[in-house]
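Those protein sequences? They're chains A and B, same order as listed.
Here my numbering is used: the first sequence runs in plain steps of one and ends on residue 214.
Here my numbering is used: the second sequence runs in plain steps of one and ends on residue 10.
Quick reminder that beta carbons are idealized off the backbone N, C-alpha and C, glycines included.
These figures come from a predicted structure and were not determined experimentally.
See structure below.
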Amino acid sequence: MNIFRLFGDLSHLAAIAILLLKIWKTRSCAGVSGKTQLLFAVCFITRYIDLFLHFVSLYNTEKVMKLIYISASVFTCYLIFFKFKATYDGNHDSMRAEFLIVPAAGLACLINTKFDAIEILWTFSIYLEAVAILPQLFLISKTGEAETITSHYLFAQGSYRALYILNWIYRYHYESHVDTIAIVAGVVQTILYCDFFYLYITKVVKGQKIVLPA
Amino acid sequence: ASDNAVHDEL
């Protein structure tokens, strides 16, 4: 474990917590893409499927973190699609998720480290996570604005994989560890946030709200 | 550096 991965995971936890708090406190999921949250839930379930296959005692933090990610993302989807369904902005959350899921699944079958079920599910999860934020970014471009708290959520969510890139550089240099598929997907994922990062740093940090077109 | 098959990250 290195500082980059530690802060990456903390940033990811923070993002999940910020979104849950926003929805719970405001009792509204306005401005939040339910599709992105569904895609994240699918990512966690397919990536941590080993938790279900052979139950292991929660002896280390990694198992606990995996369970937190899965339960928090499923609970977030429950809040969006059931509890606060009336506030879900379905009209603007209109990006076709199938256009993300099918290519990710196809690519996972073509480009993977090992052609076995668990590995293909993991690869699918990595590819899907790289593009899972697109419905959320699409929704913001349709509504033309993002609530400040949602911007903080996006910043934490984007920073998590950016920090993982530093972690991969660190591990390549000191542990000669390489996970090409995760690295390529992680770079693509972080690039998708660049536009938002620019808006966040030039606007939200100064207390302004993000309004598109910038 | 070999591409490792064991994914030890979240």
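Proximity to residue i [Cα-Cα], best of the options
| i | options | result |
| --- | --- | --- |
| Thr76 (chain A) | A:Lys22, A:Leu134, A:Phe138 | A:Lys22 |
| Val74 (chain A) | A:Glu62, A:Ile210, A:Leu39 | A:Leu39 |
| Thr190 (chain A) | A:Cys29, A:Arg171, A:Phe155 | A:Phe155 |
| Lys209 (chain A) | A:Ile120, A:Ala146, A:Arg96 | A:Ala146 |
| Leu100 (chain A) | A:Lys85, A:Phe197, A:Ile201, A:Val42 | A:Val42 |
| Ala108 (chain A) | A:Ala97, A:Trp168, A:Lys83, A:Glu129 | A:Glu129 |
| Lys35 (chain A) | A:Ile133, A:Tyr200, A:Tyr127, A:Leu192 | A:Ile133 |
| Lys85 (chain A) | A:Thr202, A:Trp24, A:Val187, A:Val211 | A:Trp24 |
| Asn91 (chain A) | A:Ala182, A:Asp116, A:Ser33 | A:Ser33 |
| Ile277 (chain A) | A:Pro213, A:Ala182, A:Thr113, A:Leu19 | Chain A is shown only over 1 to 214; residue 277 (chain A) falls outside these bounds and no answer can be derived. |
| Ala72 (chain A) | A:Val187, A:Ile18, A:Asn2, A:Gly186 | A:Ile18 |
| Ile201 (chain A) | A:Gly158, A:Ala117, A:Ala185 | A:Gly158 |
| Thr61 (chain A) | A:Phe82, A:Asn112, A:Asp9, A:Leu110 | A:Asp9 |
| Asp93 (chain A) | A:Phe124, A:Gln136, A:Val188, A:Asp116 | A:Gln136 |
| Arg5 (chain A) | A:Gly106, A:Gly186, A:Leu20 | A:Gly186 |
Backbone secondary structure at residue i - three-state DSSP
| i | result |
| --- | --- |
| Glu129 (chain A) | helix |
| Ala30 (chain A) | coil |
| Ala97 (chain A) | coil |
| Glu119 (chain A) | helix |
| Val42 (chain A) | helix |
| Ile111 (chain A) | coil |
| Ile169 (chain A) | helix |
| Ile210 (chain A) | strand |
| Val64 (chain A) | helix |
| Glu145 (chain A) | strand |
| Val6 (chain B) | coil |
Neighbour-count burial assignment, residue i, 16 or more Cβ in a 10 Å radius
| i | result |
| --- | --- |
| Pro103 (chain A) | exposed |
| Asn167 (chain A) | buried |
| Asp14 (chain B) | Look at the range of chain B in this structure, 1 to 10, and you will see that residue 14 (chain B) is not part of it. |
| His54 (chain A) | exposed |
| Met95 (chain A) | buried |
| Ala117 (chain A) | exposed |
| Phe115 (chain A) | exposed |
Supposed contact pair residue j and residue i - C-beta distance, whole angstroms, cut 8 Å
| i | j | result |
| --- | --- | --- |
| Thr143 (chain A) | Gly31 (chain A) | 7 Å |
| Ser11 (chain A) | Leu163 (chain A) | 6 Å |
| Cys29 (chain A) | Ile80 (chain A) | 5 Å |
| Ser141 (chain A) | Leu192 (chain A) | That pair is no contact at about 12 Å. |
Given 8 Å, three or more beta-carbon pairs between the segment 63-75 of chain A and the segment 38-53 of chain A: yes
Stretch-stretch touch, CB-based, cutoff 8 Å, three pairs: the segment 167-176 of chain A with the segment 147-154 of chain A: no
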